[in-house]
Amino acid sequence: MRLPSIPNFDQAAAQKAAHRQDHLTKPQGSLGRLESLSVQLAGMTGRERPRFARKVVIVMAADHGVALEGVSAYPVEVTAQMVENIARNGAAVSVLARQNQARVVVVDIGVAKDVSSLAGVLHRKVAAGSANMLKGPALTHAQAEQAIMVGMQVLDEQAARGLDLVALGEMGIGNTTPASAITAVLTGLPVKEVTGRGTGLDDTGLQNKIQVIEAAIRLNQPDPSNALDVLAKVGGLDIAGLTGVIIASAARRIPVVVDGFISGAAALLAAGLRPEVKPYLIASHLSVEAGHTAICKKLALEPLLDLRMRLGEGSGAVLAFPIIEGAARILDEMATFEEAGVSRND
Numbered sequence: 035m036r037l038p039s040i041p042n043f044d045q046a047a048a049q050k051a052a053h054r055q056d057h058l059t060k061p062q063g064s065l066g067r068l069e070s071l072s073v074q075l076a077g078m079t080g081r082e083r084p085r086f087a088r089k090v091v092i093v094m095a096a097d098h099g100v101a102l103e104g105v106s107a108y109p110v111e112v113t114a115q116m117v118e119n120i121a122r123n124g125a126a127v128s129v130l131a132r133q134n135q136a137r138v139v140v141v142d143i144g145v146a147k148d149v150s151s152l153a154g155v156l157h158r159k160v161a162a163g164s165a166n167m168l169k170g171p172a173l174t175h176a177q178a179e180q181a182i183m184v185g186m187q188v189l190d191e192q193a194a195r196g197l198d199l200v201a202l203g204e205m206g207i208g209n210t211t212p213a214s215a216i217t218a219v220l221t222g223l224p225v226k227e228v229t230g231r232g233t234g235l236d237d238t239g240l241q242n243k244i245q246v247i248e249a250a251i252r253l254n255q256p257d258p259s260n261a262l263d264v265l266a267k268v269g270g271l272d273i274a275g276l277t278g279v280i281i282a283s284a285a286r287r288i289p290v291v292v293d294g295f296i297s298g299a300a301a302l303l304a305a306g307l308r309p310e311v312k313p314y315l316i317a318s319h320l321s322v323e324a325g326h327t328a329i330c331k332k333l334a335l336e337p338l339l340d341l342r343m344r345l346g347e348g349s350g351a352v353l354a355f356p357i358i359e360g361a362a363r364i365l366d367e368m369a370t371f372e373e374a375g376v377s378r379n380d
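Here the numbering used here runs 34 ahead of the position in the sequence shown, where the first position is 1.
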């Protein structure tokens, strides 16, 4: 699998942005993380005064064979139903994207049901869902690679239409199970510490979920030093697609707004395949899913928001768009002391 090279974080652009921040009409540091975020955005994009008018949330949709093991409170049919809901602009991410003037791109990368007749969906199905990782590898290595390539191609297509900022979203019943497995393997933490209730499991359901993940890891023996092997053995097609989106975005200097736990697992994998993507990641919010804190710590990310969300779809990532745009607009549009003719205390 040929992956693109990732450009270095542009320190020169970041330094220029920091210099401008220090001369804006305010006490230095008074806008807190908005200031450091604007500098980070400059280094990501290579532009001293970046702007983010063209925004997209890419929602990868896929089913998971492991859902048959009772790891979700919702039936597998819901994946296809929610894909239709998103395509018809009725989901939470649809509402938030409209509010923020962002495009929603929903991709059938592995929905078990045939949804090829649905308008408003990109049909890029690699397989009709992953296999049950409790019985063997979730994906073949070829499927994992193909799904990563699909994610890269979708990003490239959106970039051709004009793209300044991308958010990661997903839809797939049962996908917190592979996300927990990936997180456990790549962080080295016990499964029980990175596994949550997902769609709302009770205590018995949660214990079953933990046992399923532990058994799947014992059976498949994913190699923590090989991100592609981890993805194939205990991952999923939606997570693989998002991994490709991250890599292709970073290759184009497009900042990546990571949603919550599922897209965080994709970020772990992308960083395993291409460590250079890490400076291009922005954690939008802190999910209540147990493993998300571990992901943020591993990737040295500090979420912008903590609203106790766990919906997915990219909803938290899109909520962070105004903060990111606000940081960039402050840097670009706010007057310096010299421009405004305001005295400063030096």
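Heads up, the beta-carbon is just placed ideally off N, CA and C, and yes, glycines get one too.
Where does lysine 89 sit, in a helix, a strand or coil, going by DSSP? strand
Mind the definition here: the segment 341-353 touches the segment 127-143 only if three or more C-beta pairs lie below 8 Å; say whether that holds. yes
What residue range is occupied by the uninterrupted alpha helix (DSSP H) comprising isoleucine 247? Annotation for isoleucine 247: the continuous alpha helix (DSSP H) segment containing it runs 237-254.
Please state whether DSSP places alanine 136 in a helix, a strand or coil. strand
Ignore the nearest five residues each way along the sequence and tell me which others in aspartate 190's own chain have a CB closer than 7 Å to its CB. Closer than 7 Å at Cβ, skipping near neighbours: Ala282.
Alpha carbon to alpha carbon, what distance is there between threonine 59 and valine 376? Their Cα atoms are separated by approximately 7 Å.
Can you tell me which residues form a DSSP beta bridge with valine 292? Ala317
Go ahead and pull the three-state DSSP assignment for leucine 353. Helix.
Minimum length 3: unbroken beta strand (DSSP E) runs contained in the segment 103-182: 136-144, 155-157
Counting only the same chain and skipping the five closest in sequence on each side, list residues whose C-beta sits under 6 Å from that of glutamine 55. Glu69
Just the Cα atoms here: how many angstroms apart are methionine 343 and serine 321? CA-CA distance, methionine 343 to serine 321, rounds to 5 Å.
Counting Cβ pairs, one atom from each stretch, are 3 or more of them under 8 Å apart for the segment 212-221 and the segment 239-251? These segments touch.
Could you tell me the boundaries of the alpha helix (DSSP H) in which methionine 343 lies? Per DSSP, methionine 343 belongs to no alpha helix (DSSP H) and is neither H nor E.
When we look at the beta-carbon of asparagine 209 and count the other beta-carbons within 10 Å, is it buried (16 or more) or exposed? buried
Can you give the beta carbon distance from alanine 95 to valine 141, rounded, assuming they're within the 8 Å contact cut? 6 Å
Between the CA atoms of leucine 276 and leucine 235 - distance to the nearest angstrom: 25 Å
Which same chain residues, not among the five before or five after asparagine 119, have their C-beta less than 6 Å away from its C-beta? Apart from the 5 residues on each side of it in sequence, asparagine 119 sits with its Cβ closer than 6 Å to the Cβ of Ala125 in its chain, given in chain order.
Would you call the CB atoms of aspartate 97 and glycine 206 closer than 7 Å? For the 7 Å CB-CB criterion, aspartate 97 and glycine 206 form a contact.
Since alanine 201 is in the beta strand (DSSP E), which residue starts that stretch and which ends it? 199-205
Reducing DSSP to helix, strand and coil, say where leucine 58 ends up. Correct three-state label for leucine 58: strand.
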